[in-house]
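J.: Sharing a structure here in structure tokens format.
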Amino acid sequence: MDFVAFFVLLLIMLFSIFVIYKKTQSVGVYSFKALITPTLLIMIGVLNTIALWNDAFGLISWMLTFVLLLFAAYFTKFLIN
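Position in the sequence shown (from 1) plus 636 gives the number in our numbering.
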């Protein structure tokens, strides 16, 4: 069951990155930097989901979430207006 849930989560993540990429292309932005913030925010969700499945909510999980959130906040300057 966990394998199926992880596969569905992976498909949703890839689909959402593809949709964000197509939306940035439709406005004329072809930079990879515009995709960094949404990708990092999706990675936070994946990290916390994996930590929940493995009962691993600890210091490392929280620190990785915090670091990814800081990087996502930093790269918001490259988002399209």
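Backbone N, C-alpha and C define an ideal beta-carbon position, used for all residues, glycine too.
Please name the residue, chosen from 689, 659 and 664, that lies closest to residue 640 on a Cα-to-Cα basis.
T.: Along the sequence shown, one-based indexing puts residue 640 at 4. The shortest Cα separation from residue 640 among 689, 659 and 664 belongs to 689.
J.: If I'm right that residue 674 touches residue 656 with Cβ under 8 Å, what's the distance once you round it to whole angstroms?
T.: Taking the sequence shown and counting its residues from 1, the one referred to as residue 674 is at position 38. Taking the sequence shown and counting its residues from 1, the one referred to as residue 656 is at position 20. Contact holds; Cβ gap of about 5 Å.
J.: Could you give the residue range of the alpha helix (DSSP H) that holds residue 642?
T.: Numbered from its first residue, the sequence shown carries residue 642 at position 6. Unbroken alpha helix (DSSP H) run through residue 642: 638-662.
J.: Under a three-way DSSP split, which group does residue 687 fall into?
T.: For this step, residue 687 is matched to residue 51 along the sequence shown. Helix.
J.: Just to confirm, is the Cβ distance from residue 682 to residue 649 under 8 Å?
T.: Your numbering for residue 682 matches position 46 in the sequence shown. Your numbering for residue 649 matches position 13 in the sequence shown. For residue 682 and residue 649, yes; Cβs fall inside 8 Å.
J.: Kindly indicate the opening and closing residues of the alpha helix (DSSP H) around residue 715.
T.: For the purposes of this step, residue 715 is taken as residue 79 along the sequence shown, with counting starting at 1. Where residue 715 is concerned, there is no enclosing alpha helix (DSSP H), given that its DSSP letter is neither H nor E.
J.: How many Å lie between residue 692 and residue 701 at the Cα?
T.: Within the sequence shown, numbered from 1, the residue matching residue 692 stands at position 56. Within the sequence shown, numbered from 1, the residue matching residue 701 stands at position 65. Approximately 13 Å, taken between the alpha carbons.
J.: Please report how far the alpha carbon of residue 695 lies from the alpha carbon of residue 678, in whole angstroms.
T.: In the sequence shown, residue 695 corresponds to position 59, counting from 1. In the sequence shown, residue 678 corresponds to position 42, counting from 1. Whole-angstrom Cα-Cα distance: 20 Å.
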